[in-house]
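Chains as they are written, first to last, in the working numbering: chain X, 1 to 492; chain G, 1 to 453.
Backbone N, C-alpha and C fix where the C-beta goes; we use that ideal spot for every residue, glycine too.
Since the model is a prediction, treat every value here as computed from it, not as a measurement.
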């Protein structure tokens, strides 16, 4: 296998750019080909894929999926073995994927490398077991028909006379489902995470890759193939690409006869497009596009050190993946006066320009829409104050109310509030993570922000931490990855 | 106030006194426009802090080539960059501060006491000689364009030119006139259309679409509601009210069109002047057909139209062709322009829109960073984002980047006039744009369904 991108010659534009080859995995088998040329969204890189064979992506419902009957302990062993091989230093498949990723992904090699180094953690045995335990109540309900005894009588309305049936036993199984996953590409972890969850629940999965991550899913699956090319878990997965929203594909595939569920990761257009196909028997699992915020308590103003600490932690949360993620803090509510907020901004702004493991100190440049708004706001002191420029080192806008534009590309909007309780009114159904400083204030705020729509409360600076097995986007994903089926009245 | 033209600007503005203002050669216009752009830049940079900032950020001190003006062009969205909170919280002092960054006139001495809403604020500005008018955008937030009385005088002159373009004669206040826009209100076309009605129409026979004012508050209503929904403040009743409001407005306009059709039919035996959008003409056509009338327009009538290029899903795809076929042989002149321009582009028989001498046309790449205009005198056809410097405008800086994707021909036109001409127009927002770059990062807009798509 080549470790450099396949060169097909000049791109269709004739500019002499190389065309990247993007292989597919179909039911666990590598499919190579350069039949269809596309162009990536972010970097406008031309790339070529094999022709998509839709029949190969859909199995018959009369046949169980390859892993339906495999004990979850065997699957965990296989995942752990995969995780051990997902070592960037020794795995040429990952190295090759990373080389290609750099050509379609705006995060750049340094940050992508850091993310690629972390895949192994997703395959940690204790983490896998915790997910099964905490999300499904244990592995037995995935492996077997788990017997549950009804503590109370059932009701049988069709019975003549007495409709109360004495308590009996039934069996419940977390039955494997057939799913399409429209993956996000802003962080490459989305693909291995979906593979882990899909494997633990044993279903049949089609991963539709994003044009800003065309390589991670296939690299992980190909690593599995090196361990056991016939493993039923591997044979349960396909990873392919079509242009999101392509009706000639989506209208054909998105049917309950082929799939039970569509896991849709972000992207408003993708979400709206997917929603058109939702019908009885075909449901959507929304990993919603989200906005995150920070709550900075008055304790930050107790000392210069505390203020510097809060600004540093808030900068970490704001700059994750260069602020291209649902967990990234965009609006920060500061408990204090206008002057307090300005002192905080003064310290926050330079913190956005620091190279961090998951962010670049000098990238990306501020997009035109934000520049245009901020150009005017600069002239509206004292109602607005602006720190920083448009060069990618970060921009802070302080205002009395949240700004009209969407803070992005390392832009933070700081709003002073009389109390953190008062900031709860800015939490909406679009809010995912609320980072709180100091952490001791979380407990008093969590009911309020959850009520308004937030999904996650964390200590400031921890927005980027992920603990699998906890709720994600206000659901237990494994719970939604299966079909809950009952066999009622055992022995009756 | 009076015009603040420099010699070069004065010469260009004066071309609208010529027999054909659109016939001047580019070898004559190009150096004159460049001089006028620099003159205007030197004037405006002392008046507009936003322009001064751009000049210092980009290090542009003089405009000696068209290229130099690129970093100085304002995005069209700048005129609606006021924070919505200023309006909802009635902070008119801050709205003045905002306007002061974009207007050539001083904001001193404006009475801000007891202002109730944005239209009230606009009236106070008008009373103080600041002719700020709104232009309804598609985003639910009005653009506010600072202008002066001189801007509307000049605009009136250009519209008399478009009349000549359509009829081949001078406007003589002798035609029944149908202007399918509101006669009152905050919209930037209101003063211009009133002047046009006076210049063209027979007294007592000038019919507007409506004499109810079109308000800026109405234009902002969608935007404020969207915000209220996003923040979870809007009640179901308020959302329902807005949904019915749109339908009622449409119904009212439909009813008014039917009244206008009555007047049209009265005048079917004499030439008339009409200004209408294609969609409105389609509705008029349907109403006339329902009445069994196929020849409602005297063949010497002329109609000015423009805008509304976006396909409306309530119309058949060929509605424009249907309208043209129905109206033939009435002359239909479709202008290309926008509220931010003081003079628009009329079409010649070759279906090319001619750029006014007071406007320097710039074709940029999609991002607005590269100038694609061919070198002077070389001619050629380029496609890209339309930008311009309107040197005639007095109330604001005339440099603007638009949201339109155009094809422009810098060679001489087949009609005998020199270029440049615009030969096709699409809005960037109407171009198909997939979203395949998936990210879990969202914005609040995704959580507001149906208010503005």
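- When C-beta distances to chain X are compared with 9 Å, every residue of the region 322–339 of chain G stays at or above that value.
- With a cutoff of 7 Å on beta-carbon distance, residue 238 of chain X and residue 34 of chain X are scored as not near each other.
- Exclusion of the five residues before and after residue 336 of chain X leaves 298, 301, 416 as the residues of its chain whose Cβ lies within less than 7 Å of its Cβ.
- In the assembly as shown, residue 408 of chain X is a buried residue. Its beta-carbon has 16 or more other beta-carbons within 10 Å.
- Here the region 185–193 of chain X does not lie against the region 157–170 of chain X, with fewer than 3 beta-carbon pairs under 8 Å apart.
- In the DSSP assignment, residue 282 of chain X forms a beta bridge with X:279.
- Residue 385 of chain G has a beta carbon lying at 7 Å or more from every beta carbon in chain X.
- Distance from the Cα of residue 176 of chain X is smallest, within the candidate group X:192, X:205, X:360, X:468, for X:205.
- DSSP places residue 445 of chain X inside the alpha helix (DSSP H), whose first and last residues are 442–452.
- In the three-state DSSP reduction, residue 193 of chain G falls in the helix class (H, G or I).
- The beta carbon of residue 245 of chain X sits closer than 8 Å to those of 269, 270, 273, all from its chain and outside the five residues before and after it, given in chain order.
- Secondary structure within the region 21–56 of chain G: the alpha helix (DSSP H) runs of 4 or more consecutive residues, fully enclosed, are 26–47 (chain order).
- Secondary structure at residue 107 of chain X: coil, using DSSP grouped into helix, strand and coil.
- If you check the CB distance, residue 395 of chain X and residue 366 of chain X come in under 7 Å.
- The straight-line gap separating the alpha-carbon atoms of residue 309 of chain X and residue 465 of chain X is approximately 18 Å.
- For residue 379 of chain X, the secondary structure class from DSSP, reduced to helix, strand or coil, is coil.
- Contact check for residue 203 of chain X and residue 65 of chain X: beta-carbon distance about 6 Å, within the 8 Å limit, so the pair qualifies.
- Taking the CA atoms as reference points, residue 149 of chain G sits about 34 Å from residue 258 of chain G.
- Judged by beta-carbon spacing, residue 460 of chain X lies beyond the 7 Å limit of residue 256 of chain X, meaning their Cβ atoms are not closer than that value.
- The DSSP-derived three-state label of residue 265 of chain X is strand.
- Residues of the region 342–372 of chain X with a C-beta less than 8 Å from any C-beta of chain G: 368, 369, 372, listed in chain order.
- As a beta-bridge residue in DSSP terms, residue 407 of chain G pairs with G:383, G:424.
- Contact annotation: in the region 376–404 of chain X, residues whose CB is within less than 8 Å of a CB in chain G are 376, 377, 378, 379, 380, 383, 384, 399, 400, 401, 403, 404.
- No Cβ-Cβ contact shorter than 7 Å links residue 97 of chain X with residue 263 of chain X.
- In its chain, beyond the 5 residues on either side, 25, 28, 195, 234, 237, 239 have a beta carbon closer than 8 Å to the beta carbon of residue 221 of chain X.
- Distance from the CA atom of residue 2 of chain G to the CA atom of residue 387 of chain G, rounded to whole angstroms, is 27 Å.
- Cβ neighbours of residue 393 of chain G within its own chain (closer than 7 Å, five residues either side excluded): 151, 342.
- In the DSSP assignment, residue 387 of chain X falls within the unbroken beta strand (DSSP E) covering 384–388.
- The three-state reading of DSSP puts residue 490 of chain X in coil, since its state is none of H, G, I, E or B.
- A check of alpha carbon separations from residue 486 of chain X across X:150, X:37, X:118, X:89 identifies X:150 as the nearest.
- The beta-bridge partner set that DSSP reports for residue 39 of chain X consists of X:46.
- Each of G:192, G:123, G:51 was checked against the Cα of residue 155 of chain G, and the nearest Cα belongs to G:192.
- Residue range 201–210 is occupied by the beta strand (DSSP E) that includes residue 207 of chain G, with no alpha helix (DSSP H) assigned at that position.
- Rounded to the nearest angstrom, the Cβ distance from residue 337 of chain G to residue 348 of chain G is 15 Å, too far for a contact under 8 Å.
- The way I'd put it, the region 360–380 of chain G doesn't touch the region 38–48 of chain G; fewer than three beta-carbon pairs between them come closer than 8 Å.
- Only residues of its own chain outside the window of five on either side were considered, and among them none has a CB closer than 6 Å to the CB of residue 425 of chain X.
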